[in-house]
Every structure is written in structure tokens, then in C-alpha cells.
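Before any comments, here is the structure.
Residue numbers (the working numbering): 159 to 248.
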């Protein structure tokens with residue numbers, strides 16, 4: 159919990175001025191924080207959606223990476239087998 163949230167939770171009982179003084183917060187900063195609550199909530203919602211999209215993309219990339227590694231491993235094994243066959247055959 160940040161200091162502004164603490165002031166918001168307890169301002170009715172103790173008053174904004176007293177809480178801000180005790181916590182070392184400027185009252186103008188607290189009032190600015192309360193006025194930007196909607197913007198923070200919207201940004202948080204957008205960030206949550208974006209984080210979900212990033213997780214989905216990362217999962218897809220991990221699957222693709224594993225598949226490509228398997229393919230390259232097969233290619234390298236075949237190439238090595240051909241090289242060994244060719245070298246031993248001479």
C-alpha cells in the first residue's frame with residue numbers, strides 16, 4: 159500500500175492535512191493522485207490485457223523454438239551421419 163492509498167483509506171477519521179503531515183506527503187500530491195485515479199485504472203486494465211497477449215505470444219514462441227530445435231537436431235544428425243559414412247567409406 160502506498161502512502162496516498164493510506165491517506166485515502168483513513169482521511170475521514172484523521173483528516174487529509176494531518177495524515178499528509180505525518181506521512182511526509184504534500185497535500186497537493188495527494189489530491190493530484192486522487193484526481194488521476196481513473197487514468198491509473200484504465201492504464202492498469204490496458205497493461206493487464208497487454209500482459210496476457212505477451213504471455214500468449216511467449217508460449218507460442220517457446221513451442222516454435224522447441225519445434226525448430228527438433229528439426230535442426232534431426233538435420234544435424236543426418237548431416238553428421240552422412241559425413242561419418244562418407245569419411246569411413248574412403
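Ideal Cβ placement from N, Cα and C applies to all residues, glycine included. As the structure is a computational prediction, the values presented were derived from the model and not from experiment.
{"Query": "Any alpha helix (DSSP H) of 4 or more consecutive residues that is wholly inside the region 174 to 243", "Result": "174 to 181, 185 to 193"}
{"Query": "Residue 240 versus residue 233: straight-line alpha-carbon distance, rounded", "Result": "11 angstroms"}
{"Query": "Segment contact, 8 angstroms Cβ cut-off, at least three pairs: the region 207 to 214 with the region 187 to 195", "Result": "no"}
{"Query": "Length of the line joining the Cα atoms of residue 237 and residue 224", "Result": "20 angstroms"}
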